[in-house]
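Residue numbers (this note's numbering), protein chains in the order written: chain A, 1 to 493; chain B, 1001 to 1495.
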């Protein structure tokens, strides 16, 4: 995106804050189940309803997931951390304070690395990741559009209240909407791979706000920023940021000032509108929550969590792109489809042919998976079977048509391709004598086509090859068949 | 039965266990006693007669099944800031006047499991904020020793219930002295265990880092019995301490030989009225007579206790009480929008003292003042705790007055600060988290009093040394016999 204000080139400065609901069995501070939806106010207890006298007890798992997220991005994990209360009144907040973390988050610093589609490598610095509890949800009734304005009353559902929520804050390191989306996709990829979150924007398990400003290219000071909220997909993040950048360019081009404010993205109208100006900012009166004791991490615990990380998605992407020479898009498709990269790695390890294996995995196998709704990794085609199939095609022992058919059979029935090829004599016919016999047969049975070809109608060759394949029950080497057809029809002259 | 009501919890539990009397008979006797006496005393905000009978039947059945219940058939009064399922739980506040608790708190649950019979929910200063019980929005509790005087606070209803024989034991909560000061005023034992010993789950919070539930009883032995029943780590309260609770009943001593009792230099008895001073001087001599060596110790920061406390406790309460907004439960004064409803609800629902503390606490936490007030108060708290550590290097137990006077008349302390100073002797211990109790130590008869009024000796030991503390207090109690429960004279004449 070209940002220019009165002939002066500008650059975008973007920071992202996102809230990620953690994938734990229970809520953050009580034993209620952590599940999406349900009849309003059925998945609640005295603790998450903020009943008088109820006390929070933190979920160890939730804390460990946050630490893992930090470790995955090389963040620093302070030995000592604590929970604080963020005080403000809102009807969907049961206690009128939110248990959060203020000055001692579980992780600080770190970098989120990722690849852009054009092959650029990025690294966005993290400020911190901290843990807090989610609020309930307000619904407004009696107004035409479900908004607060014009409503007659409001209803609150506390099923979501107390769900563990991880807040990731980035440095203002991003320079385009594309980078912002790349950053979010990298977070999602990592959190899904580590079992930290489902990261479903449509269910609100990932919510993000973007801080957007522009400044003359190369300047060191920041321009006035606006905060964009209400973006409910990665696509709307990209559109909203691009829209806001264009709006800021226009404001400055008109000689006006950018006002620091919160703006909501309106997906339908493809525009943003003011939600809150800075003057209404809160004093949250943070202080350490006296109901919770400070948390200390021993080196042993950190070591265990580190060892549980396994190969990180980004490390894998680097390997696929760097070693296996996959394109960024191919590598992302493998890594971002659950189980697919593992499957690819296993099959490639056995076949030793990355590109041919990749073609099957992203091609026919992915097609079968989409059609059937069964993941490739869960199908009856084992990585070993695929590797055999790859080897058979690489050795020219079967042709591509046979390979495709065979894969279809393996998908439904399983089994070993080598055994099937042997027992059913599906091996490719590459013997010139045998092919010539088939070719003679076809020329004899299709004299008109042979004549047409001879008279320069090259297009019928495809048909003739098809007839040879048919006569061979699909086993003829199609390249050799064409070669022999051309030779033998021509030879008749 | 009514004779047994004047016995100790230990004696009642034994009689019930031996089937000399049934738990149900104890319940009926206690209910009748409450009917006869509570009109004059006003200890209870809610009587839980049906619950007492129901619980008594369960206790009798469990005993018949061969269970051993340490508090079988013992009538208990519960301070009304403790949740008891399906029972009105008010904190003596308009804002919770009609709130029915949906669950039972841990300490209460443990008492019920031990066989105690809940006779009622006892009055308190609203949200436990006060030292006379006069801040209750829902009722007046009178001191059984002189019905023209306050019972002390905030656990005023709980101590009055025990002192007037309507309950054998009670649970109170102590944030800055709310068990110990009223226990002294009403001539009973009031015991605040180490912070973290007793679960706060189900105790409606005033100041979370200070609140602690403890027993109010006629004897130290009963306090030990109740403590053993309620103490211990609770998975529902992250601030309970995961160390095992020592048995205390078998640690009760008969003398004080070999012990050093610390007398605090800064707590100068000369500041007290001469008759009060004489009682404490005698108390110290009695400790010596029982074999202890008196040593002088210093708590140089103790003078800052009240100021420190009145920043930390209001700061926490300003946040703890934010949930009372009329949205989910409790009083709701409906207005045109949410903000106005919050304001009208809280204006009508909270009393002056509660509002005062919410305002002080909100200010102390606000941006620009936080470091000057809240952070400094936390530092002062650390220094006070360190003073106790140093003092305990030179002594085994600290002895001092539990309050600077006997119970005063209603409306005697009209300005808030003079009321705050009532907790001068109890607040430092709360800030340090150490176990501390008040045990009867003598009587004074100030001008205008209708008879003798009790005073309490405050005994304090290091963190997690409840066994030593109760042992020492037991020896003092045995050696002086001040608490030998003669019924308060003014109550008898009033009945």
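Even for Gly, the Cβ is constructed at its ideal location relative to N, Cα and C.
Residue i - DSSP class collapsed to helix/strand/coil
| i | result |
| --- | --- |
| residue 492 of chain A | With a pLDDT of 46 at residue 492 of chain A, under the threshold of 50, the modelled position of that residue is not reliable, and no figure is offered here. |
| residue 1422 of chain B | helix |
| residue 355 of chain A | helix |
| residue 388 of chain A | helix |
| residue 1217 of chain B | strand |
| residue 1284 of chain B | helix |
| residue 1250 of chain B | helix |
| residue 1082 of chain B | strand |
| residue 404 of chain A | helix |
| residue 1558 of chain B | Because chain B here runs from 1001 to 1495, residue 1558 of chain B falls outside it and cannot be looked at. |
| residue 1193 of chain B | coil |
| residue 1428 of chain B | helix |
| residue 522 of chain A | The displayed coordinates of chain A run from 1 to 493. Any statement about residue 522 of chain A would go beyond what the structure contains. |
| residue 398 of chain A | coil |
| residue 1186 of chain B | helix |
| residue 295 of chain A | strand |
| residue 422 of chain A | helix |
| residue 86 of chain A | strand |
| residue 486 of chain A | helix |
| residue 222 of chain A | coil |
N-terminal and C-terminal residue of the alpha helix (DSSP H) that residue i is part of
| i | result |
| --- | --- |
| residue 1038 of chain B | 1023–1041 |
| residue 469 of chain A | 460–471 |
| residue 1497 of chain B | With chain B covering only 1001 through 1495, there is no way to say anything about residue 1497 of chain B. |
| residue 1363 of chain B | 1352–1365 |
| residue 1308 of chain B | 1305–1320 |
| residue 367 of chain A | 366–372 |
| residue 1109 of chain B | 1106–1113 |
| residue 68 of chain A | 60–72 |
Cβ separation of residue i and residue j, assumed to be a contact under 8 Å, to the nearest whole Å
| i | j | result |
| --- | --- | --- |
| residue 1198 of chain B | residue 1107 of chain B | 6 Å |
| residue 1207 of chain B | residue 1083 of chain B | The Cβ separation is near 18 Å, so there is no contact. |
| residue 404 of chain A | residue 364 of chain A | 6 Å |
| residue 430 of chain A | residue 396 of chain A | 7 Å |
| residue 1030 of chain B | residue 1166 of chain B | 7 Å |
| residue 506 of chain A | residue 453 of chain A | Past the edges of chain A, shown from 1 to 493, lies residue 506 of chain A, and the structure says nothing about it. |
| residue 133 of chain A | residue 165 of chain A | 6 Å |
| residue 1367 of chain B | residue 283 of chain A | 5 Å |
| residue 376 of chain A | residue 343 of chain A | 5 Å |
| residue 178 of chain A | residue 116 of chain A | 6 Å |
| residue 1440 of chain B | residue 1482 of chain B | 4 Å |
| residue 1077 of chain B | residue 1139 of chain B | Not a contact, Cβ separation roughly 14 Å. |
| residue 1158 of chain B | residue 1213 of chain B | Not really, about 11 Å apart at Cβ, beyond 8 Å. |
| residue 1022 of chain B | residue 1060 of chain B | 5 Å |
| residue 1426 of chain B | residue 1177 of chain B | 3 Å |
| residue 1470 of chain B | residue 1252 of chain B | 6 Å |
| residue 426 of chain A | residue 475 of chain A | 6 Å |
Residue i: first and last residue of the uninterrupted beta strand (DSSP E) it sits in
| i | result |
| --- | --- |
| residue 1458 of chain B | 1453–1460 |
| residue 452 of chain A | Run containing residue 452 of chain A: none in the beta strand (DSSP E); it sits in the alpha helix (DSSP H), 447–454. |
| residue 1172 of chain B | 1169–1174 |
| residue 130 of chain A | 121–133 |
| residue 1116 of chain B | Looking at the DSSP string, residue 1116 of chain B is not in any beta strand (DSSP E), and its letter there is neither H nor E. |
TODO: Please name the residues in the stretch 1340–1361 of chain B whose beta-carbon is closer than 7 Å to at least one beta-carbon of chain A, in chain order.
DONE: Within the stretch 1340–1361 of chain B, the qualifying residues are 1342.
Task: Chain-ordered residues of the stretch 1191–1222 of chain B with a beta carbon less than 8 Å from chain A - done: Look at the stretch 1191–1222 of chain B: the residues with a C-beta under 8 Å from a C-beta of chain A are 1200, 1201, 1202, 1203, 1204, 1205, 1207, 1208, 1209.
- [ ] Can you give me, in chain order, the residues of the stretch 1091–1123 of chain B that have a beta carbon less than 9 Å from any beta carbon in chain A?
- [x] Correct list: 1091, 1096, 1099, 1101, 1102, 1103, 1105.
- [ ] With 7 Å as the C-beta to C-beta threshold (strictly closer), list the residues of the stretch 21–45 of chain A near chain B in chain order.
- [x] Cβ contacts with chain B: none found.
TODO: Could you name the residues of the stretch 281–292 of chain A whose beta carbon sits closer than 7 Å to any beta carbon of chain B, in the order they occur along the chain?
DONE: Residues 283, 285, 287, 290, 291, 292.
Task: Members of the stretch 91–106 of chain A that neighbour chain B once the beta carbon cut-off is set at 8 Å - done: Of all residues in the stretch 91–106 of chain A, only 91, 94, 95, 96, 97 come within less than 8 Å of chain B when Cβ atoms are compared, listed by chain position.
Open item on the list: Could you tell me which whole alpha helix (DSSP H) segments of length 4 or greater appear in the stretch 321–352 of chain A?
Closed with: Qualifying alpha helix (DSSP H) stretches, in chain order: 328–336, 340–351.
TODO: Give the residues from the stretch 45–60 of chain A that approach chain B closer than 9 Å (Cβ to any Cβ), ordered along the chain.
DONE: Residues 45, 46, 47, 49, 50, 51, 52, 53, 54, 55, 56, 57, 58.
Open item on the list: If the cut-off is 7 Å on Cβ atoms, which residues from the stretch 145–166 of chain A count as contacting chain B, listed in chain order?
Closed with: Residues of the stretch 145–166 of chain A with a C-beta less than 7 Å from any C-beta of chain B: none at all.
Task: Cβ-based contacts, 8 Å cut-off: residues of the stretch 73–90 of chain A near chain B - done: Taking 8 Å as the Cβ-Cβ cut-off against chain B, the residues of the stretch 73–90 of chain A that qualify are 85, 87, 89.
Open item on the list: Against chain A, which members of the stretch 1313–1325 of chain B pass a CB distance test of less than 7 Å?
Closed with: Hits within the stretch, in order: 1315, 1316, 1319, 1322, 1323, 1325.
Task: Members of the stretch 1226–1253 of chain B that neighbour chain A once the beta carbon cut-off is set at 7 Å - done: The residues in question are 1235, 1236, 1237, 1238, 1239.
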